[in-house]
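Quick note: the sequence shown uses the numbering used here, first residue 1, plus one each step.
Even glycine gets a Cβ: it sits at the ideal position worked out from N, Cα and C.
None of the values given here were measured: they were computed from a predicted structure.
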Amino acid sequence: MNLSYWEYKTWLSNIDFTIVGSGIVGLNCAYYLSKKYPKAKILILEKGTLPQGASTKNAGFACFGSISEIVSDLKTHSQQEVLELVKSRWEGIQLLRATLGDSKIDFQQHGGHELFLKEHTKLFSDCSESLSTINNLLKPVYGEDAYYFHPNNFNFNKIQNQYITSRFEAQINTGAMMNALLSLVRNAGVNILNSITLTSFDDSLGSVKVCTNQFEFETRKLIIATNGFAAQLLNEDVKPARAQVLITKPIKNLQIKGTFHLDEGFYYFRNIDNRILLGGGRNLDFKTEETSEFGETQLIQNRLDSMLQEIILPNTDFEIERRWSGIMGIGNTKRPIVKQLSDNLICGVRLGGMGIAIGSLVGKKLADLA
Ligand SMILES: Cc1cc2nc3c(=O)[nH]c(=O)nc-3n(C[C@H](O)[C@H](O)[C@H](O)COP(=O)(O)OP(=O)(O)OC[C@H]3O[C@@H](n4cnc5c(N)ncnc54)[C@H](O)[C@@H]3O)c2cc1C
């Protein structure tokens, strides 16, 4: 299809910044670019009819690292690196809250609990022993002790008697957050074109030539914020990782409240609208889940079902309303890749499982680089 003179002139000419991906990173980048350069023409290209990677699919934990995650990270990262990671998550959430406001994202700080399976006695004792060291390590971030022992007062089954809880962890409404970000960005004058896939680009010229599944155009700068799909466009250390989720129908008198991590973080669940949202299980089949194709597998969904039945809701009748998946971007370290790749090309990808926490900061850093 040939574009008309009007279409080309109005939407695709004199573009200053083109951002690929309308997830939390791309949208924050657009917002901060519009503040930095109020007169700039900013365009977002999004392959989905809605944002379609992880930002509209996730569990909505505003989390900074459960205790076993911090213990595990300290085996592969220095103390300083772990401190920096937690600090960036903390600052990222504060930025998200300041940008959109707590009521728009339904921010609720009920705490985040790590549950330890009955058979994980060693992990539980390792984490228990590290509790005060980790509280001290992270005091510069939180200003007080973050982790403490919590009785099993939600009556979960097959777990140790106590959780280790982070008092600062919170939950948000993912859909509301993304909707608010989309409005913010549109109100700032940014154009978002959906169902447009960037297929290739050439940044060897003074500007960048952009090719999509529908049309071609030029932009002064190109910013790639495609996270789990980045390997399709860039030669960077980022791999796709699919994460599967389910949600129950509303449950009468549901008492469970908060965000929960189970089995070293391989499973996570929370309350939302009198339901339980549960995700995880990638560890059952890492190879199959290293994909940028959406989809659910019997293996993982069956495990999620049995986890609900046996551990989370052992004495409660429930039905599953919906199952889905999202695509994350992961790599060898937990740090995101935020960098200038050439004069006119920048990327912010590999957000891992913490993109709600760090997505706003990564987007802002991209705008700072541009
Ligand atoms: C099931 C699940 C649960 C999660 N739970 C949490 C949680 O509780 N807390 C937390 O902090 N994080 C969580 N995460 C991680 C978090 O959602 C991500 O880290 C974050 O959303 C990444 O944001 P992003 O903007 O970088 O990427 P995305 O949201 O994936 O956005 C990238 C966008 O780029 C688009 N795109 C890709 N390729 C192209 C192309 N060629 N052309 C045009 N557009 C393209 C995609 O359609 C997508 O919309 C979870 C992730 C999943 C999948």
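Close beta carbons around residue i, own chain, < 6 Å, minus the five adjacent residues each side
i, result
"L198", "V20, L45, T212"
"V82", "D73, L74"
"Y268", "A59, H261, G279, G280"
"Y32", "K364, A367"
"L181", "L27"
"T219", "I15, T18, V208, V210"
Under 8 Å between C-beta atoms of residue i and residue j
i, j, result
"F64", "R97", "no"
"G326", "G53", "yes"
"G348", "L366", "yes"
"K221", "N344", "yes"
"E304", "L95", "According to the sequence displayed, residue 304 carries Leu and not Glu. For L304 and L95, no; Cβs fall outside 8 Å."
"F215", "K209", "no"
"K249", "E319", "yes"
Coil, strand or helix - residue i by DSSP
i, result
"K158", "coil"
"L27", "helix"
"S125", "helix"
"T56", "coil"
"D305", "helix"
"Y163", "strand"
"E91", "helix"
"Y32", "helix"
"Y37", "coil"
"P151", "strand"
"K334", "coil"
"T288", "helix"
"Q214", "coil"
"P51", "coil"
Residue closest to residue i, alpha-carbon to alpha-carbon, out of the options
i, options, result
"G92", "K41, V25, Y37", "V25"
"Q171", "T248, A59, L308", "A59"
"R242", "L205, E264, E289", "E289"
"L43", "V185, Y267, G280", "V185"
"Q80", "L137, N187, K35", "L137"
"K104", "N152, S125, G175, S78", "G175"
"G329", "D305, N173, T226, V86", "T226"
"V338", "I311, F17, C29, N187", "C29"
"Q255", "F154, I196, H110", "F154"
"F294", "G143, L85, W324, G265", "W324"
Residues of its chain near residue i, where Cβ-Cβ distance is below 8 Å and the 5 sequence neighbours each way are ignored
i, result
"I67", "E114, C127, S130, L131, I134, Y147, I164, S166"
"R270", "A59, G60, F61, Q171, G258, T259, F260, I276, L277"
"A40", "D16, F17, L33, S34"
Beta carbon proximity, residue i to chain D, threshold 8 Å
i, result
"M178", "In the structure shown, chain D does not exist; there is a single protein chain."
Own chain partners of residue i with C-beta closer than 7 Å, once the 5 adjacent residues on each side are dropped
i, result
"G331", "D237, V238, K239, R350"
"F116", "L123, F124, I159, Q160"
"M307", "Y267, L278"
Integer-rounded CB distance, given that residue j should sit under 8 Å from residue i
i, j, result
"Q244", "Q301", "7 Å"
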